[in-house]
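Have a look at the structure below before the remarks.
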Amino acid sequence: MKRNPLTLVVGVLLIIIFGLWLFVFQVRTTEVAVVTTFGNPTRPLTEPGPYLKWPWPIQKVWLFDKRVQNFEDKLTEGLTRDSFNLLTTVYVGWKISDPASFFPKFVSSENPIGEAERQLERLLGNAKSAVIGRHRLSDFISTTDSGTNFVAIENEILATLQTQVRANNYGLEIEFLGIKRLQLPPNVSQSVFDRMTSERKVLADQLQYEGEADAQKIRSDAERKAQEMLAGAQGEATGIKGQGEAEAAKSLSVFQQNPALASFLFRLNALEGSLKDRSILVFDQNTPPFDLFRGGSTNWLGGQK
Amino acid sequence: MNDHPHSHEEAPGLTAPADTPVDVGSQALSEALRSSFAIIRFLMILLVVIFFASGFFTVGPAQRAIILRFGKPVGDGEKALLGPGKLHWSLPYPIDECVKVNITGIQTVESKAGWYAQTPEERLSGVETPVMAGSPLNPAVDGYALTADNNVIHTRATLTYRINEPIRYVFNFVNASNAVQNALDDALLWSASQFKVDDVLTRDVAGYQESVRRRAVQLIGKQELGITVEQCAVQSIRPRQLKDAFDRVTTAEQERGKVLNDARSYENQVTNRASADAQSLINLAQTERSQMVKDMAAQAERFQDILPQYQRQPSLFVQQRLSETLGRVLTNVQDKIFVAESKDGKPRELRLLFNRELVKRAP
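Protein sequences, first through last, are from chains A and B.
For the first sequence, the residue numbers in this note's numbering are 2 to 306.
For the second sequence, the residue numbers in this note's numbering are 1422 to 1784.
This is the structure in structure tokens:
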């Protein structure tokens, strides 16, 4: 049968595609791979790109996600150096760094990533209790160290975990680690509640007493200030009056010309001034002008003599 | 394409065998073969067309696309990102692979590791079921944070961010938003451990929020998540079990403010009155002073005027003045009692009963 060239091209293309599909595989930038020959790992691949392989069943390709996985453990209890029970949850960012080491340890599992995380949780539990046991509660919570101890604890757990992961040769790498929950056992949190309640009470009472004391202080200060102002004013007023008297005294020289008359006039003024209001006057006939009562006009005239 | 099978049927080479004397069976077989070849050819061509046409794609406005050729991103950095507004083409899988990333949309993560357990209905409605004062926290479900003064608070945060390095965000992390959330949990816990309970709740809310944001940004930077933090909103409350105790402090604070305000207003009142009184004292003294001076001057002047009259006849002058003054004075006096001298010259006893009114007015 005579073949059409187009048919030929299409056929060849399809064969190429089929061949590619059989003999070539690619590793993505997010993956690492292990090629097994008859079940035996022979070629670990960490760089992305196209690779050749023999078709199944000679060689098989195992691809693993090498991106950073997030993992957090359950809330576990650990004893601090000063015997406080602390419940902590730690999050870990980890990834597969060495497929050759990772593969033989985890490939038998249904879910290699999950299995790796189970192993990590075990190691993490050890690392956590070891590190927490080295620290006091005050290293976790403190106003004074600007959080450096907290970060140091995180770093210590990270370092311990990294050492253990490396020692076990899991082919994993821990990228980062941090504490995401830090809590107390229920009975302890209950006693914290009791303490907080009494602290609140103390604070409320303190606020009340402080307020009253401050208010009292403000009041007495105000009264003292008012007294001072009045006393100052009194002093000033006395000074002013004194000045007035001094000025008035200048006129006294006028009265020096006849002290007897001056004295008489002053007494007259005083008399008039003192009797201005309602008053009762008791007198006898010796007081002028009532001496007139004493007798007739002659007597009066005689009395004048 | 559909033309091809027809043209083949009409080709002389293919129709030739029909002229040769063969049996009907083989002829039928060859006919069947021929038509099935035609179908296969058609399918093959269709496959090739689909194979290449499947490489066309567009990118949405909030997306960027990255082509992976044999698993590796094509182009470096920003150049690898294909934007919207163009028809892009990539080779079909398994040569090229197109990954689309949502980029411009603002992503949100919420940290609830430090918050108490809420049912979804409670969260939506915002209505809380009240908690018994004595009920303990269940560490399995109720999250909380410890403050620097060893108090328990609930604190949560919402962080919004924008992906600025999509390649990193997508290709380095299985679930980058989860990593962001973990960083936020860590930041809340860390910040709470640096602040006293009153600072977190009332005195330094902004400082606490800033601390959370700074720590989250720092962790995100360290983990190279390829994102920019836009906003970080933090909310903190006292444990619900201790509502009454905390409310009492708030009431005491308000009470204190009120007491202090009262005291200040009293202070104002007292000092203002004192200052007014002081001023009036001084004014009075001024008045008295000028009065005294004027008075004295007037008296001196009068003295000067009457001195010549007196010098002329001193005795008469005195008598006249005295009588005149007494007359004037006595008209003012209400009660005048005259007691005549007894004949025998003995002193007389006089009893006076002052009425009450007078006694009252005496001072």
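C-beta atoms are modelled at their ideal positions from N, C-alpha and C, and glycine is treated no differently.
Query, Result
"N1523 (chain B) in three-state terms, based on DSSP", "strand"
"Per DSSP, the bridge partner or partners of P51 (chain A)", "A:Q27"
"Secondary structure, alpha helix (DSSP H): runs of 4+ residues fully inside the stretch 205–263 of chain A", "253–256"
"Burial state of R1462 (chain B), where buried means 16 or more other Cβ atoms lie within 10 Å", "buried"
"Where the beta strand (DSSP E) containing Q1484 (chain B) begins and where it ends", "1484–1490"
"Listed by chain order, chain A residues near D1497 (chain B) by CB distance under 7 Å", "None at all; the shortest Cβ gap to chain A is about 12 Å."
"Within chain A, partners of Q1662 (chain B) - CB distance below 8 Å", "F194"
"Unbroken beta strand (DSSP E) run spanning F1759 (chain B), endpoints", "1756–1760"
"Closest residue to F1594 (chain B) among A:V69, A:L15, A:N5 (Cα-Cα distance)", "A:V69"
"Listed by chain order, chain B residues near F284 (chain A) by CB distance under 9 Å", "K1757, I1758, F1759, V1760"
"Nearest residue (CA-CA) to R1742 (chain B), options B:I1727, B:Q1755, B:D1756, B:T1752", "B:I1727"
"First through last residue of the alpha helix (DSSP H) which encompasses Q120 (chain A)", "113–135"
"Enclosing beta strand (DSSP E) for R82 (chain A) [first to last residue]", "It is not in any beta strand (DSSP E) - R82 (chain A) carries neither H nor E in the DSSP assignment."
"Close-in-space but distant-in-sequence residues of the same chain around I1588 (chain B) (CB under 7 Å, 5 per side omitted)", "I1487, P1494, A1501"
"Cutoff 8 Å: Y92 (chain A) Cβ touching any chain B Cβ", "yes"
"C-beta contact flag for L64 (chain A) and E32 (chain A) at 8 Å", "yes"
"Segment contact flag, the stretch 1625–1638 of chain B with the stretch 1598–1611 of chain B, C-beta cutoff 8 Å, min 3 pairs", "yes"
"According to DSSP, residues forming a beta bridge with T1479 (chain B)", "B:L1508"
"Proximal residues to V13 (chain A) (C-beta, below 8 Å), its chain only, five neighbours per side dropped", "none"
"Contact under 8 Å by Cβ, V283 (chain A) with A1721 (chain B)", "no"
"Status (buried if at least 16 other CB within 10 Å, exposed otherwise) for V1680 (chain B)", "buried"
"Sheet register partners of K1824 (chain B) (DSSP bridge)", "Residue 1824 (chain B) lies beyond the residue range present for chain B, which begins at 1422 and ends at 1784; the question has no answer from this structure."
"Residue range of the alpha helix (DSSP H) that includes F1472 (chain B)", "1445–1474"
"Selected residue, minimal CA-CA separation from T1848 (chain B), among B:I1574, B:Q1662, B:I1703", "The structure shown does not extend to residue 1848 (chain B), since chain B spans only 1422 to 1784, so no value can be given for it."
"Listed by chain order, chain B residues near E211 (chain A) by CB distance under 9 Å", "R1677"
"Beta carbon proximity, P1768 (chain B) to chain A, threshold 8 Å", "no"
"Contact with chain A by W1536 (chain B), beta-carbon distance below 8 Å", "no"
"Neighbouring residues, chain B, relative to I180 (chain A) (Cβ below 7 Å)", "D1607, L1610"
"F177 (chain A) - partner residues in DSSP beta bridges", "A:G94"
"Candidates A:E157, A:V189, A:T164, A:A160, of which the one nearest L1567 (chain B) by Cα", "A:V189"
"Nearest to Q1712 (chain B) (by Cα), restricted to the options A:L253, A:A271, A:K242", "A:K242"
"Touching by the beta-carbon criterion (3+ pairs, under 8 Å), the stretch 119–130 of chain A and the stretch 156–176 of chain A", "yes"
"Contact with chain B by Q191 (chain A), beta-carbon distance below 8 Å", "yes"
"Nearest-angstrom Cβ-Cβ length linking C1653 (chain B) and A1578 (chain B), presumed shorter than 8 Å", "6 Å"
"Pick from B:Q1602, B:G1642, B:P1557, B:P1560 that is closest to N1585 (chain B), judged by C-alpha positions", "B:G1642"
"Proximity test, Cβ basis, 8 Å: A117 (chain A) and chain B", "no"
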